[in-house]
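S.K.: Protein chains in written order, with the numbering used here: chain P, 10 to 175; chain Y, 564 to 1020. Heads up, the beta-carbon is just placed ideally off N, CA and C, and yes, glycines get one too. Before I ask anything, let me first share the structure, which is written out below as structure tokens.
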Amino acid sequence: MAKGTVVLKLENDISTDIIYPGRFMATVLPTETPRFAFADDKEFNQTLNDGNIPAGSFIVAGDNFGCGSSREQAASCIKGYEITVIARNFARIFLQNSINVGLQMIICPDIDAGEGDELEVRDNAVFNLTTGKSFVIESLPQARQAIIDAGGLIPYTRSLLMERTV
Amino acid sequence: MGMTYVQKLLAKACGRETVAVGDILELPVSLAMSHENAALVINQFKEIYRGTPLEANIWDPSRIAIIFDHRVPAESSKTATNHKRIREFVAKQGITKFHDVRGDVGGICHQILPENGYVRPGQVLVGTDSHTTTHGALGAFAFGIGATEMAAVWALGSILNIEVPGTIKIEVNGELPDSVYAKDLILYIVGLLSAEGANFKVIEFQGDVIRNMPTSGRLVLCNMAVEAGATAGVVPPDEETCRYLREEAGVEDKVREGETGNPSRSQPGLPGTGREGALGYELDLFSADADAVYDRVVEIDASQLDPQIACPHTVDNVMSIGGIKGKKINQIVVGSCTNGRLDDIEIVARTLKGKHVAEGTRMLVFPASWRIYTDAMEAGYLRDLISAGAVVCNPGCGPCLGIHQGALGDDEVALATTNRNFKGRMGNPGAEVYLCSPAVAAASALTGTITDPREVN
């Protein structure tokens, strides 16, 4: 992971209703969900849809990011823009959904960064190049990392299934 | 070292003597539930098989439950097409626990599963819905997962990489005062723990108040355990659990003799259709060890509780009703997987009988299932509600998450017996949602403002 800019700074307890409002839940395919990412934040949603957020940008949030519903659209809609989410911590289902669909997310308990800050992720830390501070990344349990390394839960399950069928 | 209820359940489920917090397990799944998001599960399920010589068949169709509840009847051609694709898949795979848009079998998934006897103590139950925690009320380890995770369950019959969670024990003693209900208790608990206070943990409900509480109330507690971030909520099964299973869910399984110390790889709740009677399965009732180790123990004196309100825009923003009394309400919603059961509707109907919903306030009632709807009709509750000015809608989730009927206008305020009040939840980020018990909803309907039921009765 290289350098990128913070394009959105969010508070604690950002629910999946904010990330992907319920009224768009009939749209399910990962190829179609990005259109409705943060739909109630009209300005940010427009910027996303206009293609003005470069891949590798960051969303920075506080505690309990992705709380609420199990809707996987909340992870796939951000994944569609190849944005990385850095939060102090994540709600359980959202965390697992992110791993499963390959959304890049980073648990960084002390993260401090504002919109426009330049960040760099390396050596198990997030470096805020704008403020000169750095923050340690909390690594994922091995069992979860294995799914990320396989490229998501679909390829992971596919190889497991093949192994078990033989 | 002793084990908590869920530790013991997980040890039994994977055939081990013991499990410790943090152990990583692959758990055989007893029941896997989805609603309309089965459309995405089907897509991901087929993806798993892409490029393999294997045929995409579910590991055991009798262990899949699919319930249409989020958008019923379909509100758009898109939803109708999703419904259609799911129906085709259900027929092709031979899924029997399918609850279509029908008055005889339909309803909200978290009511359909218990009332049809699909839920058993000791089960590992997963659902593509965060409120799957509800089923811990009958002693299952039940939790929400995403659609891709469910696709893997459909393929493998198990759920991978489950970390044994720590447990927070909530011990509730005393007696709930008049006009204070399970909903007030869980709102109070979520306020106490905070929205992330139980993240990655189980909440085990214990104490006199829980022992004396009917299953309908326990379902409310476990339903909203997820609002404190809990992986699962659970009430260890007891006599009331057996009563509910036999009298309300049509389950005829025998109770296994004595405490079963022998771990055996078991998948409680054998296949069948409709109401599941005697199928050779024994109800396995066990409890936490007396020396179980908890991450945290919280003691609550229920007799001190007032009716509680969760204020916008987080469920943990909870206060006693005195702090917010008099707030003007545009729309009242009674229903959902949290509080749409017969006893909830009864409370509201009894309060409104012969009276009227205040001018300028709309009241919507969504029973949690068609069985409840029919029972409420036969008891005369629906007539009382309608005569008072309430609109009784068909069972479904729609208004709770702003996807089907009951949306709010700009700057409007809703008071709801549902489970979430996030910004935008009822379809409008410019509106406010307050959460409460059915008793508070009923008292407030009469005045058009948030009203303490003790001041009405």
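1. When you compare each of Y/CYS785, Y/ASP667, Y/ARG774 to Y/GLY707 by their alpha carbons, which one comes out closest?
2. Spatial neighbours of Y/PHE704 within its chain, please: C-beta separation below 6 angstroms, excluding the five flanking residues on both sides.
3. Beta-carbon of Y/ILE611 versus every beta-carbon of chain P: anything under 7 angstroms?
4. According to DSSP, is Y/LYS918 part of a helix, a strand, or is it coil?
5. I'd like to know whether the C-beta atoms of Y/VAL955 and Y/LEU945 end up nearer to each other than 7 angstroms.
6. Helix or strand or just coil, what does DSSP make of Y/TYR997?
7. Measuring CA to CA, which of P/ALA96, P/ARG101, P/GLY141, P/THR140 is closest to P/ASP119?
8. Assuming Y/ILE605 and Y/ARG648 make a contact with CB atoms under 8 angstroms, what is their CB distance in whole Å?
9. Give me, in chain order, the residues of the same chain whose beta-carbon lies closer than 8 angstroms to that of P/GLY141; leave out the 5 immediate sequence neighbours on both sides.
10. Nearest to Y/ILE629 by CA position, among Y/ALA637, Y/ALA619, Y/MET596, Y/THR642, is which residue?
11. Assign P/THR174 to buried or exposed, taking buried as 16 or more other Cβ atoms, counted over all protein chains shown, within 10 Å of its Cβ.
12. Please list, in chain order, the chain Y residues whose beta carbon lies closer than 7 angstroms to that of P/GLY31.
13. Taking DSSP's pairing of strands, which residues face Y/ARG925 in a bridge?
14. Looking at Y/ASP561: is its Cβ nearer than 7 angstroms to the Cβ of Y/ALA1008?
15. Classify Y/GLN686 as helix, strand or coil using the three-state DSSP reduction.
16. Determine the extent of the beta strand (DSSP E) in which P/ILE115 is found, giving its start and end residues.
17. Ignoring anything shorter than 3 residues or poking outside the region 949-1015 of chain Y, list the beta strand (DSSP E) runs there in chain order.
18. Within 7 angstroms of any Cβ in chain Y, is that where the Cβ of P/ARG101 sits?
19. Our contact map puts Y/VAL814 next to Y/GLY680 with C-beta atoms below 8 angstroms; I'd like the distance itself, whole angstroms only.
20. How many Å lie between Y/THR730 and P/THR36 at the Cα?
21. Using DSSP with H/G/I as helix, E/B as strand and the rest coil, what is P/CYS76?
22. For Y/ASP847, go through chain P and note every residue whose CB falls closer than 9 angstroms to its CB, in chain order.
23. Leaving out the 5 sequence neighbours to the left and right, which residues in its chain are closer than 6 angstroms to P/ALA100 when beta-carbon positions are compared?
24. Determine whether the beta carbon atoms of P/LEU17 and P/ILE87 lie at a separation below 7 angstroms.
25. Thinking just about the alpha-carbon of each residue, which of Y/GLU922, Y/CYS900, Y/ALA602 is nearest to the one in Y/THR1010?
26. With a threshold of 8 angstroms on Cβ separation, who are the neighbours of Y/MET882 within its own chain once the five nearest residues in sequence on each side are excluded?
27. Would you please state the rounded distance, in angstroms, between the beta carbons of P/THR139 and P/SER66? I believe it to be under 8 angstroms.
28. Does P/ALA35 get closer than 7 angstroms to chain Y when you measure Cβ to Cβ?
29. What in chain P is Cβ-close to Y/GLU580, meaning under 8 angstroms?
30. Using the beta-carbon of each residue, which ones in chain P are nearer than 9 angstroms to Y/ARG983?
31. List, in chain order, every chain Y residue whose beta-carbon is nearer than 7 angstroms to that of P/ILE163.
32. Just the Cα atoms here: how many angstroms apart are Y/CYS963 and P/ASP22?
33. I believe Y/VAL976 touches Y/LYS890 by the beta-carbon criterion, under 8 angstroms. Please report the beta-carbon distance rounded to the nearest angstrom.
34. Are the region 717-732 of chain Y and the region 610-626 of chain Y touching, with three or more C-beta to C-beta distances below 8 angstroms?
35. Is there at least one Cβ from chain Y nearer than 7 angstroms to P/VAL69's Cβ?
36. Three or more beta-carbon pairs under 8 angstroms between the region 669-683 of chain Y and the region 933-949 of chain Y, yes or no?
M.R.: From the atom records:
1. Y/CYS785
2. VAL569, LEU572, VAL687, ALA795
3. yes
4. coil
5. yes
6. strand
7. P/ALA96
8. 7 angstroms
9. none
10. Y/MET596
11. exposed
12. LEU964, GLY965, ILE966
13. Y/GLN894
14. This structure does not reach residue 561 of chain Y, given that chain Y is present from 564 up to 1020, and the question cannot be answered.
15. coil
16. Element bounds for P/ILE115: 114-116.
17. 976-979, 995-998
18. Answer yes: the Cβ-Cβ gap between P/ARG101 and chain Y drops below 7 angstroms somewhere.
19. 4 angstroms
20. 36 angstroms
21. strand
22. Chain P residues near Y/ASP847: none, gap ~27 angstroms exceeds 9 angstroms.
23. ASN73, GLY75, CYS76
24. no
25. Y/GLU922
26. GLY754, GLN871, ILE872, CYS874
27. At roughly 14 angstroms, the Cβ-Cβ gap does not stay under 8 angstroms, so P/THR139 and P/SER66 are not in contact.
28. yes
29. Ordered by position in chain P, no residue passes the 8 angstroms Cβ test against Y/GLU580, which lies about 21 angstroms from the chain.
30. Within 9 angstroms Cβ-Cβ: SER24, ASP26, GLY77, SER78.
31. GLN607, GLU610, ILE611, THR711
32. 19 angstroms
33. Sure, about 7 angstroms apart at Cβ, within 8 angstroms.
34. yes
35. no
36. yes
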